[in-house]
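The structure appears right after this line, and notes come after that.
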Amino acid sequence: MGYTTYASFGLPTFLVVIVVLYLLFTDSGEAFDVGRFLEETSPFVWGSLGIGLCIGLSVLGAGWGIFLTGSSILGGGVRTPRISTKNLISIIFCEVVAIYGVIMGIVYSAKLQSVPEADLYTKENYFTGFALFWGGLTVGICNLLCGLCVGVAGSTAALADASDPTLFVKVLVVEVFGSVLGLFGLIIGLLMIGNAREFQGPTAPPAIRI
Amino acid sequence: MSADLCPPYAPFFGFAGVASAMIFSTVGAAFGTAKAGIGIAGLGTFKPELIMKSLVPVVMAGIIAVYGLVVSVLIVGNLNPSNYSLAAGFIHLGAGISCGTTGIAAGYAIGHVGDSFVRAYVHEQRVFVAMILILIFAEVLGLYGLIVALLMNTRVTGLVDCI
Numbered sequence: 001m002g003y004t005t006y007a008s009f010g011l012p013t014f015l016v017v018i019v020v021l022y023l024l025f026t027d028s029g030e031a032f033d034v035g036r037f038l039e040e041t042s043p044f045v046w047g048s049l050g051i052g053l054c055i056g057l058s059v060l061g062a063g064w065g066i067f068l069t070g071s072s073i074l075g076g077g078v079r080t081p082r083i084s085t086k087n088l089i090s091i092i093f094c095e096v097v098a099i100y101g102v103i104m105g106i107v108y109s110a111k112l113q114s115v116p117e118a119d120l121y122t123k124e125n126y127f128t129g130f131a132l133f134w135g136g137l138t139v140g141i142c143n144l145l146c147g148l149c150v151g152v153a154g155s156t157a158a159l160a161d162a163s164d165p166t167l168f169v170k171v172l173v174v175e176v177f178g179s180v181l182g183l184f185g186l187i188i189g190l191l192m193i194g195n196a197r198e199f200q201g202p203t204a205p206p207a208i209r210i
Numbered sequence: 211m212s213a214d215l216c217p218p219y220a221p222f223f224g225f226a227g228v229a230s231a232m233i234f235s236t237v238g239a240a241f242g243t244a245k246a247g248i249g250i251a252g253l254g255t256f257k258p259e260l261i262m263k264s265l266v267p268v269v270m271a272g273i274i275a276v277y278g279l280v281v282s283v284l285i286v287g288n289l290n291p292s293n294y295s296l297a298a299g300f301i302h303l304g305a306g307i308s309c310g311t312t313g314i315a316a317g318y319a320i321g322h323v324g325d326s327f328v329r330a331y332v333h334e335q336r337v338f339v340a341m342i343l344i345l346i347f348a349e350v351l352g353l354y355g356l357i358v359a360l361l362m363n364t365r366v367t368g369l370v371d372c373i
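Protein chains in written order, with this note's numbering: chain A, 1 to 210; chain B, 211 to 373.
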């Protein structure tokens with residue numbers, strides 16, 4: 001029961017309880033309205049947050065994996081310098097995770113079109129905003145976890161290669177299984193945005209045909 | 211009446227369900243793959259011929275991610291901007307959470323079992339059958355979550371008709 005437990009669990013819980021009781025006892029319980037918050041927040045907020053999280057978390061995962069693998073390659077390379085070139089494949093596996101984040105960032109940012117405030121709050125625009133947010137979060141976190149997993153596996157592969165060169169290809173199979181996770185995140189990110197049109201004002205009435 | 215049942219923010223919860231299914235399953239799969247994969251290098255240093263059989267926990271951890279992918283794809287297929295009720299959104303959120311959190315549990319179990327298996331396999335080769343049985347029970351945890359998610363997803367069609 002250290003001070004970190006108090007800070008991370010106790011203090012936030014206490015503050016939330018105080019706020020909830022204040023709203024309850026001053027007859028303003030209706031102020032807590034999740035639906036109104038979701039309706040009032042601009043779809044641009046959701047879209048921009050999603051894209052930022054997508055690229056940010058993907059790159060975080062790639063960087064984490066690269067430093068995990070790289071430090072093992074460099075440490076093992078002291079006694080066995082031959083491992084340095086072949087084990088760059090593991091670094092590339094981690095980098096690919098960042099590329100996935102960049103690709104999804106580019107695909108998502110194509111949906112951000114300028115729409116005046118008065119025309120912004122339509123059902124389609126809400127849908128696109130939510131799709132961008134949750135899609136970006138999914139891609140970002142899946143890539144973060146994939147980068148971590150590939151980094152740990154790559155670190156293991158480097159040390160196995162240092163001890164016996166024939167082991168590298170066999171331990172690489174674990175890395176391939178790990179990198180598939182980032183690909184799944186990419187697939188789901190693309191599917192989420194499939195039905196979502198870009199931000200646009202209300203559709204113009206159809207042209208009159210004579 | 212129908213407009214209240216189909217508010218414009220209903221897809222928020224549907225997408226949250228898709229994200230939950232994929233993210234939490236990936237947590238379990240990533241943990242299982244990394245934890246089970248670490249010991250394989252150590253095993254390979256002493257007995258390289260046993261590596262192929264030691265990859266079974268890694269494969270089963272990958273299957274957990276496939277469960278999450280399946281549920282996510284099924285939920286995403288039902289999402290659209292019009293004709294989506296709030297009830298459908300919450301059902302999809304529940305389905306995604308059920309698949310995802312069971313995936314965390316299954317992946318965590320597979321990771322630890324795989325790690326212990328690899329360390330024992332070096333010394334005694336007969337633990338392979340016991341490991342397979344234990345892994346099947348761990349994998350089936352994720353399968354239960356998938357089944358419940360699929361059942362919940364089938365209840366969405368024909369629930370509320372938004373005009």
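All C-beta atoms, glycine included, are put in the ideal place defined by N, C-alpha and C.
Being a predicted model, the structure only gives us computed values, none of them experimental.
Next on the checklist: Short of 9 Å Cβ to Cβ, which residues in the segment 256-280 of chain B face chain A?
Outcome noted: Hits within the stretch, in order: PRO258, ILE261, MET262, LEU265, VAL268, VAL269, ALA271, GLY272, ALA275, VAL276, GLY278 and LEU279.
Checklist entry - How would you write the range of the alpha helix (DSSP H) that A:LEU74 sits in, first residue to last? => result As a position in the first sequence, residue 74 of chain A is number 74, starting the count at 1. From DSSP, the alpha helix (DSSP H) with A:LEU74 extends over 43-76.
Item to check | Own chain, CB closer than 6 Å to A:ILE66, minus 5 neighbours either side, in chain order | outcome: Looking up residue 66 of chain A in the first sequence gives position 66. Hits under 6 Å: ILE91 and CYS94.
Checklist entry - Does DSSP put A:PRO81 in a helix, in a strand, or in coil? => result For the purposes of this step, residue 81 of chain A is taken as the residue at position 81 of the first sequence. The three-state reading of DSSP puts A:PRO81 in coil, since its state is none of H, G, I, E or B.
Item to check | Inter-residue spacing [alpha-carbon to alpha-carbon] between A:GLU198 and B:SER308 | outcome: As a first step, residue 198 of chain A is located in the first sequence; it is residue number 198 there, counting from the start. As a first step, residue 308 of chain B is located in the second sequence; it is residue number 98 there, counting from the start. Rounded to the nearest whole angstrom, the CA to CA distance from A:GLU198 to B:SER308 is 31 Å.
Checklist entry - When Cβ atoms are compared, which residues of the segment 121-136 of chain A fall closer than 7 Å to chain B? => result Only those residues of the segment 121-136 of chain A whose C-beta falls short of 7 Å from the nearest C-beta of chain B are listed: LYS123, GLU124, TYR126, PHE127, PHE130, ALA131 and TRP134.
Next on the checklist: Strictly under 8 Å for the Cβ-Cβ distance: is B:TYR219 near chain A by that measure?
Outcome noted: As a working note, residue 219 of chain B is residue 9 in the second sequence. It does: the Cβ of B:TYR219 has a partner Cβ on chain A nearer than 8 Å.
Checklist entry - Going along chain A in order, which residues have a C-beta closer than 7 Å to the C-beta of B:ASN290? => result As a first step, residue 290 of chain B must be located in the second sequence, where it is residue number 80. Correct list: ASN195.
Next on the checklist: Please tell me whether B:MET341 has its Cβ less than 8 Å away from any Cβ of chain A.
Outcome noted: Numbered from 1 along the second sequence, position 131 holds the residue referred to as residue 341 of chain B. For B:MET341, the answer is no, since every Cβ of chain A falls outside 8 Å of its Cβ.
Item to check | Cβ contact check for the segment 163-175 of chain A and the segment 123-142 of chain A: 3 or more pairs under 8 Å | outcome: Result no; under three Cβ-Cβ pairs closer than 8 Å.
Checklist entry - Is it a yes or a no for the segment 231-243 of chain B touching the segment 40-60 of chain A, going by three-plus beta-carbon pairs under 8 Å? => result Cβ pair count under 8 Å is below three, so no.
Checklist entry - So, using beta-carbon positions, are B:ALA239 and B:GLY272 closer together than 8 Å? => result The residue labelled residue 239 of chain B in the question sits at position 29 within the second sequence. The residue labelled residue 272 of chain B in the question sits at position 62 within the second sequence. Yes, the pair counts as a contact, with Cβ atoms nearer than the cut-off.
Checklist entry - Taking Cβ-Cβ distances shorter than 7 Å, what residues in chain A pair up with B:PHE225? => result Your numbering for residue 225 of chain B matches position 15 in the second sequence. Here the neighbours are PHE130, ALA131, TRP134 and MET192.
Checklist entry - For A:THR203, which residues in chain E fall below 9 Å Cβ to Cβ? => result No chain E is part of this structure, whose protein chains are labelled A and B.
Item to check | A:ALA31 burial status per 10 Å Cβ neighbour count (16 or more: buried) | outcome: Position 31 of the first sequence, counted from the first residue, corresponds to residue 31 of chain A. Its Cβ having fewer than 16 others within 10 Å, A:ALA31 is exposed.
Next on the checklist: To the nearest angstrom, how far is the alpha carbon of B:ILE373 from that of B:ALA297?
Outcome noted: By 1-based counting over the second sequence, the position of residue 373 of chain B is 163. By 1-based counting over the second sequence, the position of residue 297 of chain B is 87. Between B:ILE373 and B:ALA297, the C-alpha separation is close to 15 Å.
Next on the checklist: Let me confirm a value: A:PRO43 is counted as buried when at least 16 other C-beta atoms fall within 10 Å, else exposed. Which label applies?
Outcome noted: Here residue 43 of chain A refers to the residue found at position 43 when the first sequence is read from its first residue. By the neighbour-count definition (other C-beta atoms within 10 Å, threshold 16), A:PRO43 is a buried residue.
Item to check | Closest Cα partner of B:GLY254 within the set B:LEU345, B:ARG329, B:MET270 and B:LEU360 | outcome: The residue given as residue 254 of chain B occupies position 44 in the second sequence. Of B:LEU345, B:ARG329, B:MET270 and B:LEU360, the residue nearest in Cα terms is B:ARG329.
Next on the checklist: Determine, for A:GLU198, whether the minimum Cβ-Cβ distance to residues of chain B falls below 8 Å.
Outcome noted: The residue you call residue 198 of chain A lines up with position 198 of the first sequence. Output row for A:GLU198: interface = no.
Checklist entry - Exposed or buried, which one is A:ALA160 when buried takes at least 16 other CB atoms within 10 Å? => result The residue given as residue 160 of chain A occupies position 160 in the first sequence. Around the beta carbon of A:ALA160, 16 or more other beta carbons lie within 10 angstroms, which makes this residue buried.
Checklist entry - Cβ of A:PHE14 less than 8 Å from any chain B Cβ? => result As a working note, residue 14 of chain A is residue 14 in the first sequence. The C-beta of A:PHE14 comes no closer than 8 Å to any C-beta of chain B.
Item to check | Per-residue burial, B:VAL339 [other beta carbons within 10 Å of its own, 16 or more giving buried] | outcome: Position 129 of the second sequence holds residue 339 of chain B. Result: exposed.
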